[in-house]
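Residues 4 to 55 (this note's numbering) are what the sequence shown spells out, left to right. Think of the CB as a built atom: it goes at the ideal place given N, C-alpha and C, for glycine as much as any other residue. The structure presented is a predicted model; accordingly, all values stated were derived computationally and were not measured.
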Amino acid sequence: MEEINEEIVAVIEAAIYAAFGQYAKNFRIKSIKRADSNMPEWRKAGLYSQMR
């Protein structure tokens, strides 16, 4: 299995903290896995917004 570069992990972590602001302190990243999906990003975003 391919390891994820430390710099990529740092960028993902920064994006989570930027998105959740003050609530980010309650998050802990346990693992990061590559998602296997053929679904377009716009569709994923639409589904996600409906689940909120």
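Less than 8 Å between the C-beta atoms of residue i and residue j, yes or no?
| i | j | result |
| --- | --- | --- |
| isoleucine 35 | isoleucine 7 | yes |
| phenylalanine 30 | isoleucine 15 | no |
message: Threshold first: 3 residues or longer. Then list the beta strand (DSSP E) segments lying entirely within the region 6 to 52, N to C.
response: For the region 6 to 52, not a single whole beta strand (DSSP E) run of length 3 or above is found.
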